[in-house]
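Report on the following structure.
There are 2 protein chains.
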Amino acid sequence: MKKVLITYKLNPEIAKELDGKMEYVLPDKSGFKREEVLDMIADYDVLVPNFSFYTDKEIMDKGEKLELISNFGVGYNNIDVEYAKQKGITVTNIPNSVLEPTAEFAFALLLAAGRRLGYYDRKIRTPEGLKWGLYDEPGLPIFGKSLGIIGMGRIGQALARRAVASGMTIMYHNRNKLDKAIENKYNAQYVSLETLLRQSDYISLNAPSSKETIHMIGKKELDMMKSTAVFINTARGNMVDEKALTHALKEKQIWAAGLDVFENEPKVLPELLELDNVVLSPHAATKTLEARDEMGLEMIHNILGFYFGTYPISKVV
Amino acid sequence: MKKVLITYKLNPEIAKELDGKMEYVLPDKSGFKREEVLDMIADYDVLVPNFSFYTDKEIMDKGEKLELISNFGVGYNNIDVEYAKQKGITVTNIPNSVLEPTAEFAFALLLAAGRRLGYYDRKIRTPEGLKWGLYDEPGLPIFGKSLGIIGMGRIGQALARRAVASGMTIMYHNRNKLDKAIENKYNAQYVSLETLLRQSDYISLNAPSSKETIHMIGKKELDMMKSTAVFINTARGNMVDEKALTHALKEKQIWAAGLDVFENEPKVLPELLELDNVVLSPHAATKTLEARDEMGLEMIHNILGFYFGTYPISKVV
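Top to bottom, those sequences are chains P and S. Counted from 1, the first sequence has number 519 at position 301 by this note's numbering; the numbering is strictly sequential. Counted from 1, the second sequence has number 300 at position 82 by this note's numbering; the numbering is strictly sequential.
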């Protein structure tokens, strides 16, 4: 029987899907560390990595039997996929189960940042409290405003669906222009990144992380944004220059941000934690028990699909 | 020229719509108080009340010339409309301008309460911080869940539109069952209040406040809700027994709440301010400068429509 090294604390009920088909090991704590993985990997055919270490050449070289890396996430910036490709190791990801939870959370951040819900909820609990006058501490509307989506893949489109129903107009930037049929569905306009940054009221980052996208939002891009712009990131922290963003928020060069991901998770820039015009969450876009189980199942199905053809698999390389 | 007493600090640019057609007075501070209104009202044909005092018999009796009360809000629980009706004083409200901002804010509260955004944003800033593990402090999903809307008027329907696009199913309770065409638009099911309370994953209160709806959500109704229920109120604070709700949240009898209105605004029950499973905002559902101006304009148009027929008016009595 092929052997699977699962390095994160997958719900054992979900892991049972492998029973009788694959041998597997689960950590009994939060997850296996890099050193433990290096010690164990030589015996395993399949690795399920986690996001606390980078699955690099060394791990893959020690994993002499490795045939499959089944990632627990849609993003795979935790894996050296180029090297996996060279070695003929298949890498899979889980685009389906993360789709709606992530778009849902991005929209929650957008609404909370624009309408100042995080700020209200924090300040109302302080001894000084909030001012309740009709014109005190107003937020920004969402209805009638434009949303610029950077990375109009499936998550971006699921976000657009919510935004359109909420009265927003959509522009997007993508490596490739989408089919007219998809554009028409959201009445979405394809624009350059610069146009998107200059014209959007709300901007959401939904592109995949790669070497090319590191700090794709930095000082230059922030300078292009409106002073009333609201920036949302549920993609990956390394795509944004966190220091430049913090500066722009502090100086009110842009109006607000909603951030679920950070450059050095779980660390957040201390200056960012001090700001009133940002809503912060701990990489929680898929943090529901239901989503975790569905993600686990999709990850398991990639393994079973790879070996037995019983499920379609989502292959990265 | 007819005379208008505007008791709240309307944007003077918006008030200019009255120039040359009506005489009017605006407060130079946050708003006129009840005693000031009582002193002045005898001279005025139109009163624009505010929510810091109740426009009662005494005010209407002193207002010998009063023909119109043009309210700055869709709810009119700040006015004794029965007595206005007896005296032949017309009362108008502003259902159009508050529609989308309120539905938008209700949905923002729903997402934030379910996905624990308020909690994350508060706790991440504390010295102890948050746990970032995959299964730590999960929220509840919205996609695939049911929303029960109590009061399926225009705001309830604008909320339903957002919810449907976010993958929710809709049930509603209303004084009257809606036309089949409207039900079909949201695939909304008409149910009894009890069924709604027992079966909904999320519950949003969007009914008008009246004598009959005081404490319509109390211990009995909270006892009917699921232990995973999330309750949202953007209607009026007096419709909910705040003490009973606070108890239910504290005892985790229901899962969370999102509250924009309170029984004794601007006071919030101190025990409520201590709870992690509630998102709180200062009656901010229409708190954007854009919404305030549109509301002001709709209120002014009710006055101009009443006297000159130049606009349709929204008449309460």
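Even glycine gets a Cβ: it sits at the ideal position worked out from N, Cα and C. Every value quoted in this text rests on a predicted model; they were computed, and no experiment measured them.
DSSP beta-bridge partners for residue i?
i	result
Y338 of chain P	Beta-bridge pairing links Y338 of chain P to no other residue.
I367 of chain P	P:Y390 and P:S422
A475 of chain S	S:F449 and S:V496
I435 of chain S	S:V458
V309 of chain P	P:I287
K533 of chain P	P:T310
Q304 of chain P	In DSSP, Q304 of chain P forms no bridge with anything.
Y408 of chain S	S:Y390
G249 of chain P	P:Y226
T506 of chain P	S:G357
Go to residue i, then tell me how far its alpha helix (DSSP H) extends in each direction, as first and last residue.
i	result
K403 of chain S	K398 to Y404
K468 of chain S	E460 to K468
S315 of chain S	P313 to G332
L228 of chain S	Neither: L228 of chain S is in no alpha helix (DSSP H) and is coded neither H nor E.
E276 of chain P	K275 to K280
In chain P, which residues lie less than 9 Å from residue i when you measure between Cβ atoms?
i	result
D246 of chain S	Going along chain P, no residue has its Cβ under 9 Å from D246 of chain S, so there is no contact; the nearest lies around 14 Å.
Y272 of chain S	In chain order: nothing, as chain P lies at least about 17 Å away.
With DSSP as the reference, label residue i as helix, strand or coil.
i	result
I518 of chain S	helix
I450 of chain S	strand
L256 of chain P	helix
L348 of chain P	coil
T413 of chain P	helix
I373 of chain P	helix
G357 of chain P	strand
V173 of chain S	Any answer about residue 173 of chain S is impossible in this case: the structure gives chain S only from 219 up to 535.
E179 of chain S	Because residue 179 of chain S is not part of the residues shown, which for chain S are 219 to 535, the question remains open.
Y525 of chain S	helix
V222 of chain S	strand
Can you name the residues of chain P whose CB is closer than 8 Å to the CB of residue i?
i	result
W350 of chain S	E483, P484, P500 and H501
Y226 of chain S	L352
R380 of chain S	R380, A383 and S384
Identify the contact partners of residue i in chain S, using a Cβ-Cβ distance below 9 Å as the criterion.
i	result
I342 of chain P	V486, L491, L498, S499 and P500
What in chain P is Cβ-close to residue i, meaning under 7 Å?
i	result
G385 of chain S	E318
R393 of chain S	Per Cβ cutoff of 7 Å: no residues; R393 of chain S is ~26 Å from chain P at best.
What does residue i reach in chain S if we use C-beta pairs closer than 8 Å?
i	result
D339 of chain P	A330, G336, D339, R340, V497, L498 and S499
Could you pull the start and end residues of the beta strand (DSSP E) that residue i belongs to?
i	result
L265 of chain S	V264 to V266
V243 of chain P	E241 to V243
In chain S, what lies closer than 7 Å to residue i by C-beta?
i	result
R416 of chain P	Correct list: empty, because the minimum Cβ distance to chain S is about 21 Å.
For residue i, would you say it is in contact with chain B, using Cβ-to-Cβ distances shorter than 8 Å as the test?
i	result
G514 of chain S	Of the chains in the structure shown, none is chain B; the protein chains are P and S.
Requested in this report: Give, in chain order, every residue of the segment 353-378 of chain S whose Cβ lies closer than 7 Å to some Cβ of chain P.
Outcome: Those would be Y353, P356, G357, L358, P359, I360 and F361, in chain order.
Query raised in the report: Using a beta-carbon distance cut-off of less than 9 Å, what residues from the segment 420-436 of chain P approach chain S?
Result: Hits within the stretch: zero.
Requested in this report: Could you name the residues of the segment 505-523 of chain S whose beta carbon sits closer than 7 Å to any beta carbon of chain P, in the order they occur along the chain?
Outcome: Result list: K505, T506, L507, E508, A509 and R510.
Report task. Scan the segment 293-327 of chain S for residues whose Cβ lies nearer than 8 Å to a Cβ of chain P and list them as they occur along the chain. Result -> Per Cβ criterion, the list reads E318, P319, E322, F323, F325, A326 and L327.
Query raised in the report: What are the residues of the segment 437-470 of chain S that lie near chain P, defined by any Cβ-Cβ distance shorter than 9 Å?
Result: Result list empty, no residue passes.
Query raised in the report: Closer than 7 Å, Cβ to any Cβ of chain S: which residues of the segment 234-262 of chain P, in chain order?
Result: Residues of the segment 234-262 of chain P whose Cβ lies closer than 7 Å to any Cβ of chain S, in chain order: S248.
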